[in-house]
Structures are given as C-alpha cells and as structure tokens.
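Let me begin by presenting the structure, written as structure tokens, before commenting on it.
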Amino acid sequence: MTTKININGDIQDEAFVSILDHGFLFGDSVYEVICTAQGKPCFLNEHLKRLYASASGISLKIPHDQEWIKNQIQTTLNSACNPESYIRIIVTRGVGDVDIDPSSCFHPNLIILVKNIPKIPDENYEKGIPVALVSIKRNSRDALDPAVKTGNYLNNVLARVEAQKVGAADAIMVNPWGQLTEGTTSNLFFVREGRLLTPEKNCGILSGITREKIIQLAHENGMPFEEGAWPGEELLKAEEIFLSGTVKKVMPVSVLDNRPVGSGKPGPITQKMMRLYSELLESVA
Ligand code: PDD
2 MTTKININGD
12 IQDEAFVSIL
22 DHGFLFGDSV
32 YEVICTAQGK
42 PCFLNEHLKR
52 LYASASGISL
62 KIPHDQEWIK
72 NQIQTTLNSA
82 CNPESYIRII
92 VTRGVGDVDI
102 DPSSCFHPNL
112 IILVKNIPKI
122 PDENYEKGIP
132 VALVSIKRNS
142 RDALDPAVKT
152 GNYLNNVLAR
162 VEAQKVGAAD
172 AIMVNPWGQL
182 TEGTTSNLFF
192 VREGRLLTPE
202 KNCGILSGIT
212 REKIIQLAHE
222 NGMPFEEGAW
232 PGEELLKAEE
242 IFLSGTVKKV
252 MPVSVLDNRP
262 VGSGKPGPIT
272 QKMMRLYSEL
282 LESVA
C-alpha cells in the first residue's frame, strides 16, 4: 500500500511544490477527489468535467487535455498498486510573485496524488455519525461560489473545527440567508414526511457527483424527492439525515446537535439509498 505523487507527469514517492506556488500562498488552485471501485476510477468523466469547470471558474487554464490526465491517472495507479485507491487531482496556479495577482504565474502545476483508500469504520455506517449545525456560514455564491471546487477550503475547515468542539464528527452549514447548504466535504439529504429532500444548487453548494447519482436513483426507484431551499431549523424536524460524497458514499447521520435524528438509527430511506448506491458502484465497476 503506497502513496505515489505525479507532478506534471513525473511520478515520485514524495513530492514538493515551491512555497511561491500561489496554490500554497493563497489557496489559488482547484481539485477533485475520485475513488476507485474494483481498481477503476469511478465516474471519472464526471469528475474531469467538474475539474475543468472549476478551473474555468477561477480563470485557470489547465495545461493538458482530459486524455492526458486519464493516462497519467492510470500510470500513477499502476505504479501505486493499491487494491483500491483515493485519487486527488490538484491544479495550482503555479509559481509567481508573492502577490495575489495571478498574472505572474505562467505554469500551473498538475498534481495527481494516489493513495490507499481511507478506511471508514463500519460502525459509522451501521450506527450513523453525529453532526452539528454550525454558526460558520457557507460562502455565498457571489463571494467564493461553492460550486467551484477550489483548494481554498478554510470556510469548511472552520466549520469542521466548530463541529468538533461540540463533539460532532462533521458540520452542516447554512448560507448567509440561513438556508441549508451542505457538509464540509459532502452534500446533505434529509427526510421529512417520507420525502427525500436536498438543498438546491441555488443555495450555494457543490454539485456533488454522488448527489447527482442519488437523485437519479431516487427517480429510478420512484422515491418521493424534492430539491429546494429550507431554513436551517427544518433539519431539526428531519426523520432521517444522510451525507453524500465520493469518499463517504452514503453516510447516515444519527445525531444532530446532540439530539437523536428520528429513531437515532439509520432510517429506512437512508438504508435503501445506501444499498442502491453500493449496487450502483458495483455495477459501474
Ligand atoms: N469532497 N460538498 C463539498 C464541499 C465537497 O467537498 C464534496 C466532496 C462534496 C461531495 O461531492 P462528490 O459527491 O462529488 O464527492 C460536496 C471531496 C470528497 C473532498 O474534498 O474530499
């Protein structure tokens, strides 16, 4: 089980970028996280599409095409030889003057980090995790649009720190208008009166690839589903809550702000979605 890092096509065990890279200095970068299923990168086209959209969202030109990136991912996976891999693609603005103006950066760095997939305890899926509705607001869309997956995650870092201070494993953030948005590295779903609900993109969220697949599964399986804008307090009335993301997959939430969610155990709709999503992963692999 090894970690391999590919910088601009050169694969190493350990790698370094200059402290003059604006990715390091200002969080001026974009990234994607992809997991493999049966050794194959899952939903690779969707992730690459979002990577290019994020780069365009910060006026950064990725110096290679998607085919080049796909080939480099495969070469790096082959060199790491893990049973299943976590793949992180990072494109930084590159080295420039110590000044936020990106026009002195001529060569973006394209980094592909491959490591063994992090093991999430089975207990989290069996019992659910505790989360907290935090006071830190999700960035508004006209400040740093959460739909753009940049390397500037301080908003989410601060939310996670606040959640951990009250004993929660993750945070749910509302936007500056008090509407529910998402978790720190995941999208939010909840159940009210038997309907599966998720905040709409206008609320200021990352359009998660797992989220899209869950919506598709809900439609295909005739599950009552709605996207919308709900105040944070609405979550306190939820019968079930779960988070979705590439690494977590479908993660049940059993405690919100130190109070049990519904029965305090993963509910029937959450369990159904966990099963449908894991079947989907098996079928694409
Ligand atoms: N994060 N919202 C945020 C803020 C995220 O960072 C992520 C993913 C998601 C879920 O997106 P997806 O289903 O496409 O993974 C939602 C990745 C996993 C990360 O940063 O580690």
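Sequential numbering of the sequence shown, starting at 2, is according to my numbering.
Idealized CB from N, CA, C, for every residue including glycine.
Neighbour-count burial assignment, Ile88, 16 or more Cβ in a 10 Å radius: For the purposes of this step, residue 88 is taken as residue 87 along the sequence shown, with counting starting at 1. So Ile88 ends up on the buried side.
Minimum C-alpha distance to Thr185 - residue among Glu194, Trp178, Asn203 and Asn140: Indexing the sequence shown from 1 puts residue 185 at position 184. Answer by Cα proximity: Asn140.
Beta-carbon contacts of Thr233 that lie in its chain and below 7 Å, excluding the five residues immediately before and after: As a position in the sequence shown, residue 233 is number 232, starting the count at 1. According to the sequence as given, residue 233 is Gly; it is not Thr. Closer than 7 Å at the Cβ level, and outside the excluded window around Gly233, lie Leu134, Val175, Gly179 and Leu181.
Minimum Cβ-Cβ distance from Pro103 to chain D less than 8 Å: In summary, chain D is missing from the structure at hand, where a single protein chain is found.
Beta-ladder partner(s) of Val5, from DSSP: Taking the first residue of the sequence shown as 1, we reach residue 5 at position 4. A small fix is needed here, since residue 5 is Lys in this sequence, not Val. According to DSSP, which records beta bridges pairwise, Lys5 is partnered with Val115.
Every unbroken alpha helix (DSSP H) within the region 130–215, with a cutoff of 4 residues, ordered by chain: The DSSP assignment places 155–166 as complete runs of the alpha helix (DSSP H) inside the region 130–215, in order along the chain (cut-off: 4 residues).
C-beta contact flag for Asp22 and Gly95 at 8 Å: Within the sequence shown, the letter at position 21 stands for residue 22. Within the sequence shown, the letter at position 94 stands for residue 95. Yes, they are a contact pair.
Per-residue burial, Ile101 [other beta carbons within 10 Å of its own, 16 or more giving buried]: As a working mapping, residue 101 is identified with position 100 in the sequence shown. When all chains shown are included, Ile101 counts as exposed.
Proximity test, Arg212 beta-carbon vs the ligand PDD heavy atom, cut-off 7 Å: Your numbering for residue 212 matches position 211 in the sequence shown. Checking the Cβ of Arg212 against the ligand PDD gives yes.
Close-in-space but distant-in-sequence residues of the same chain around Pro55 (CB under 7 Å, 5 per side omitted): Against the sequence shown, residue 55 aligns to sequence position 54. The sequence shown places Ser at residue 55, not Pro. In its chain, beyond the 5 residues on either side, Val31, Val149, Lys150 and Thr151 have a beta carbon closer than 7 Å to the beta carbon of Ser55.
Inter-stretch contact at 8 Å, needing at least 3 Cβ pairs: the region 241–258 / the region 267–277: Between the region 241–258 and the region 267–277, the count of C-beta pairs closer than 8 Å reaches three or more; the two stretches touch.
Candidates Val192, Leu145, Lys138 and Cys204: closest to Arg161 by CA position: To locate residue 161, count along the sequence shown from 1; it is residue 160. Here the closest residue by C-alpha is Lys138.
Segments assigned alpha helix (DSSP H), at least 4 residues, entirely inside the region 45–113: Correct list: 45–58 and 67–81.
Distance cut-off 7 Å: Asn188 Cβ against heavy atoms of the ligand PDD: As a position in the sequence shown, residue 188 is number 187, starting the count at 1. For Asn188, the CB falls within less than 7 Å of some heavy atom of the ligand PDD.
Near the ligand PDD: Gly223 beta-carbon under 7 Å from a heavy atom: Position 222 of the sequence shown holds residue 223. Placement of the Cβ of Gly223 at a distance of 7 Å or more from every heavy atom of the ligand PDD is found.
Residue span of the alpha helix (DSSP H) that contains Glu127, given as start and end: As a working note, residue 127 is residue 126 in the sequence shown. It spans Asp123 to Lys128 - the alpha helix (DSSP H) in which Glu127 sits, taken as one unbroken run.
Ile121, buried or exposed, once every other Cβ within 10 Å from all chains shown has been counted against 16: Within the sequence shown, residue 121 is the residue found at index 120, counting from 1. Around the beta carbon of Ile121, fewer than 16 other beta carbons lie within 10 angstroms, which makes this residue exposed.
Beta carbon of Leu207 nearer than 8 Å to that of Pro119: Taking the sequence shown and counting its residues from 1, one reaches residue 207 at position 206. Taking the sequence shown and counting its residues from 1, one reaches residue 119 at position 118. In this structure, Leu207 keeps its C-beta atom at 8 Å or more from the C-beta atom of Pro119.
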